[in-house]
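Visitor: Following this message is one structure expressed as structure tokens.
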Amino acid sequence: MCLCSKILISYNNALLQKDVRKLLAGNILSNLDNKLKNRIKIGLLLGLTLIATLIWKWVFYSTIIVAFLYSMYEINSKVKEKNNSNIHYLLIIPPLAYLLLGIIAASTLRIYFIEEFMYAVFATVINDVFAFFGGKKFGKNKLAPIISPNKTQEGALTGIIGVTIFTIIYGVIFFPQYRTITGIIIGLTLLGLFTASAGICGDLLESWYKRKIGVKDLGWILGEHGGIIDRIDSHILALTFLTLYFHILNLITIP
Numbered sequence: 002m003c004l005c006s007k008i009l010i011s012y013n014n015a016l017l018q019k020d021v022r023k024l025l026a027g028n029i030l031s032n033l034d035n036k037l038k039n040r041i042k043i044g045l046l047l048g049l050t051l052i053a054t055l056i057w058k059w060v061f062y063s064t065i066i067v068a069f070l071y072s073m074y075e076i077n078s079k080v081k082e083k084n085n086s087n088i089h090y091l092l093i094i095p096p097l098a099y100l101l102l103g104i105i106a107a108s109t110l111r112i113y114f115i116e117e118f119m120y121a122v123f124a125t126v127i128n129d130v131f132a133f134f135g136g137k138k139f140g141k142n143k144l145a146p147i148i149s150p151n152k153t154q155e156g157a158l159t160g161i162i163g164v165t166i167f168t169i170i171y172g173v174i175f176f177p178q179y180r181t182i183t184g185i186i187i188g189l190t191l192l193g194l195f196t197a198s199a200g201i202c203g204d205l206l207e208s209w210y211k212r213k214i215g216v217k218d219l220g221w222i223l224g225e226h227g228g229i230i231d232r233i234d235s236h237i238l239a240l241t242f243l244t245l246y247f248h249i250l251n252l253i254t255i256p
């Protein structure tokens, strides 16, 4: 009777552990699904906004003005939480200057190089999307564990590959100066590599600064994704690089 009781208890414990594992797995999958849904919603919203900025200049200028002013409020509030002294006014200067750099770069591309601006927008978005899913699927080795523990080498490589493929396709269609074998192999491939790399560096740069001042995010308007600058940190450096690149290329190719 005692042996039967022990067997029954062991069996019940095994079933209980199995149910607990299922419950935990279900919760984890549910959380991942919710995060993915939120990311998709935010991506669609930003995508529609970006499309509107391509069509109407007033939408573009209105968006960057509102985004900058609200980012000032977010950054000031977040930095003040962790650095409640007069010095916090100095600490908000670097992220605001970085954001302003991105605004200047985006405005320059939007005004003078519309096709290049479209490339910059889509390339930086593709970099984020491919890096996210590549990291989720293949991520094993940390890219910068101290600065940004969630980023992986595999995710970064996937982003670079995605941007490079997109650059070759987009460049052949919209950039006639690259419609040669040399232009495709060297020009467009390098453009894709540098664009994606600039995006990764921009992301790591902001992550490094946030760790230095002791904040997780520099805003809250996008929920778990943080603030405006947290969402476009990788885009800013990529836009700056592309603005300089296309401006120099335009000067070189003018007869």
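Heads up: the sequence shown is residues 2 to 256, going by my numbering.
Ideal placement from N, C-alpha and C gives every residue a C-beta, glycine not left out.
1) On the DSSP bridge list, what partners appear for S149?
2) For L240, count the other beta carbons within 10 Å of its own beta carbon; 16 or more makes it buried, fewer makes it exposed. Which is it?
3) Compute the beta-carbon to beta-carbon distance between D218 and D234, rounded to the nearest angstrom, for a pair I have assumed lies under 8 Å.
4) Give the straight-line distance between the Cα atoms of I65 and I237, rounded to the nearest whole angstrom.
5) What is the DSSP secondary structure of L191, reduced to helix, strand or coil?
6) Under 8 Å Cβ to Cβ from K143, same chain only, skipping five residues before and after it: list those, please.
7) Taking W59 as part of the alpha helix (DSSP H), name the residues at either end of that continuous run.
8) For Y71 and I214, which I take to be in contact (beta-carbon distance under 8 Å), what is that distance rounded to the nearest angstrom?
9) Enumerate in chain order the residues of its own chain whose CB-to-CB distance from L205 is below 7 Å, with the five nearest sequence positions on each side excluded.
10) Could you name the residues of the same chain whose beta carbon sits closer than 7 Å to that of L189, not counting the 5 residues immediately before and after it, in chain order?
11) When the distance is taken between beta carbons, is I161 closer than 8 Å to A199?
12) Helix, strand or coil: how does DSSP classify P256 here?
13) Runs of 3 residues minimum, wholly inside the region 107 to 188: which ones carry the beta strand (DSSP E) assignment?
14) Relative to the C-alpha of K138, which candidate in G156, T125, K42 has its C-alpha closest?
15) Under 8 Å by Cβ, that's how I've got G220 and K83 pegged, so tell me the actual separation to the nearest angstrom.
16) Considering just the uninterrupted stretch of the alpha helix (DSSP H) at H89, what are its terminal residues?
17) Using only the alpha-carbon positions, how far apart do E116 and F175 sit?
18) Measuring only the C-alpha atoms, how far is L51 from I186?
Guide: Taking the structure as given:
1) For this step, residue 149 is matched to residue 148 along the sequence shown. Looking at the DSSP assignment, S149 forms a beta bridge with A145.
2) In the sequence shown, residue 240 corresponds to position 239, counting from 1. That one is buried.
3) The residue you call residue 218 lines up with position 217 of the sequence shown. The residue you call residue 234 lines up with position 233 of the sequence shown. The pair is not a contact, with the Cβ atoms about 11 Å apart (cut-off 8 Å).
4) The residue labelled residue 65 in the question sits at position 64 within the sequence shown. The residue labelled residue 237 in the question sits at position 236 within the sequence shown. Approximately 13 Å between the Cα atoms of the pair.
5) Here residue 191 is taken as the residue at index 190 of the sequence shown, counted from 1. L191: helix per DSSP, three-state reduction.
6) To locate residue 143, count along the sequence shown from 1; it is residue 142. So the qualifying residues of the chain are P150, K152, T153, Q154.
7) For the purposes of this step, residue 59 is taken as residue 58 along the sequence shown, with counting starting at 1. Where W59 is concerned, the enclosing alpha helix (DSSP H) stretches over 58 to 83.
8) Your numbering for residue 71 matches position 70 in the sequence shown. Your numbering for residue 214 matches position 213 in the sequence shown. Contact flag wrong, Cβ pair sits at about 20 Å.
9) Your numbering for residue 205 matches position 204 in the sequence shown. Cβ neighbours of L205 beyond the five flanking positions: A145, I148, S149.
10) Taking the sequence shown and counting its residues from 1, the one referred to as residue 189 is at position 188. Contacts found: T168, I169, G172, Y179.
11) As a working mapping, residue 199 is identified with position 198 in the sequence shown. As a working mapping, residue 161 is identified with position 160 in the sequence shown. No, these two residues do not count as a Cβ contact at 8 Å.
12) On the sequence shown, residue 256 is found 255 positions in, with the first residue counted as 1. Low confidence applies here, because P256 scores a pLDDT of 43, under 50, leaving its location unreliable and the question unanswered by this model.
13) 143 to 145, 149 to 153
14) Locating residue 138 in the sequence shown gives position 137, where the first residue counts as 1. Considering only alpha carbons, the answer is G156.
15) In the sequence shown, the residue the question calls residue 220 occupies position 219. In the sequence shown, the residue the question calls residue 83 occupies position 82. Actually they are not in contact, since the Cβ atoms of G220 and K83 sit about 14 Å apart, beyond 8 Å.
16) Within the sequence shown, residue 89 is the residue found at index 88, counting from 1. Its alpha helix (DSSP H) spans residues 89 to 92.
17) Translated into positions along the sequence shown, residue 116 becomes position 115. Translated into positions along the sequence shown, residue 175 becomes position 174. Separation of E116 and F175 (C-alpha to C-alpha, rounded to the nearest whole angstrom) is 7 Å.
18) What you label residue 51 is simply residue 50 of the sequence shown in a count that begins at 1. What you label residue 186 is simply residue 185 of the sequence shown in a count that begins at 1. Cα-Cα distance, rounded: 30 Å.
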